[in-house]
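Worksheet for the structure shown next.
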Amino acid sequence: MKETLQEMNAAEQQEENQREKEKSLTALDHFRRSLRAQTQGREQDAMKEYTEAIRKDPNYAATYDSRGHLHKKLKDFEKALEDYNKAIELSPDNITSKWVHLCRASAYESLGQEALAKADQDAAAEL
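Everything in the sequence shown is counted per our numbering, starting at 1496 for the first residue and increasing by one.
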């Protein structure tokens, strides 16, 4: 009985330590974890990590771009567009924006919105 109580206390302490570790992670830590999860085929874990990275740093365009790609892969084109729009808003004039315009054009095409897709393709060509 005494050993069981000690084991339970040890397990509780481990859980508390894990919670504290999670609190100290930065947006970049979560971004890296999301990339790792995605390459391992754990899309839902990746989505949670991208979302947590955005919660901790809502101004990092690359996270929105990456989460947009995952939404697109999961065929949630509306959410992909939301993330691509935010990535472009945060970083409108750099090479990443050119890539995001092309990805957003692809999402528009998937939704049958050819005119918007063409506009993004043209915008990417101008960057």
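Every residue gets a Cβ at the ideal spot worked out from N, C-alpha and C, and that includes glycine.
For residue i, does the count of other Cβ atoms within 10 angstroms reach 16, so buried, or fall short, so exposed?
i     : result
T1558 : buried
I1590 : exposed
K1613 : exposed
S1519 : exposed
D1615 : buried
K1581 : buried
G1563 : buried
K1568 : exposed
A1610 : exposed
A1620 : exposed
How close, in whole Å, do the beta carbons of residue i and residue j come, if the pair is a contact with beta carbons under 8 angstroms?
i     : j     : result
D1524 : A1532 : Wrong, their Cβ atoms sit about 13 angstroms apart, outside the cutoff.
E1538 : L1565 : 6 angstroms
E1502 : R1528 : Actually they do not touch by this definition, with Cβ atoms about 29 angstroms apart.
A1556 : S1601 : About 18 angstroms; that fails the 8 angstroms criterion.
D1552 : Y1579 : About 18 angstroms; that fails the 8 angstroms criterion.
What residue range does the alpha helix (DSSP H) around residue i cover?
i     : result
Q1608 : Per DSSP, Q1608 belongs to no alpha helix (DSSP H) and is neither H nor E.
Whole alpha helix (DSSP H) elements within the stretch 1533–1601, 4-residue minimum: Here the runs fully enclosed are 1538–1551, 1556–1568 and 1572–1585.
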